[in-house]
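K.L.:
I have a structure I would like to understand better, so I am pasting it below and will then ask my questions one at a time.
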Amino acid sequence: MNMNPAARERHEEPEITQEESVPLDGRDHDGEEMMKQVRNPKLEQPAPDTSQAGKTPAGRSI
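Below, the structure written as structure tokens:
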């Protein structure tokens with residue numbers, strides 16, 4: 001299967017859009033407000049005990 005070389009080598013740059021992005025010269029107020037709304041229930045759970053990390057059930061090191 002031989003493709004047309006021109007079609008294979010065609011690389012177009014993406015169009016520059018007019019979408020808003022994170023400002024480089026200041027704070028992202030919209031992003032900060034969204035982060036205040038994010039909830040992560042794992043942050044409320046106690047951390048697991050890592051003193052047994054790397055041990056087999058028999059207590060031997062891996």
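Each residue of the sequence shown is one higher than the one before, counting from 1 in full-length UniProt numbering. Glycine is no exception: its CB is placed at the ideal position from the N, C-alpha and C atoms. Since this is a predicted model, take the numbers as computed values, not measurements.
1) Please state whether DSSP places Q52 in a helix, a strand or coil.
2) Quick one: give me the first and last residue of the alpha helix (DSSP H) that G31 is part of.
3) Taking the alpha-carbon positions, what's the T50 to V38 distance?
4) Taking the straight line between their C-alpha atoms, what separation do you get for D25 and K42?
P.N.:
So, from the listed chains and residues:
1) Position 52 of the sequence shown, counted from the first residue, corresponds to residue 52. Three-state result, Q52: coil.
2) Taking the sequence shown and counting its residues from 1, the one referred to as residue 31 is at position 31. 29 to 37 is the span of the alpha helix (DSSP H), which, as asked, contains G31.
3) The residue you call residue 50 lines up with position 50 of the sequence shown. The residue you call residue 38 lines up with position 38 of the sequence shown. Cα to Cα, T50 sits roughly 27 Å from V38.
4) Taking the sequence shown and counting its residues from 1, one reaches residue 25 at position 25. Taking the sequence shown and counting its residues from 1, one reaches residue 42 at position 42. Approximately 33 Å, taken between the alpha carbons.
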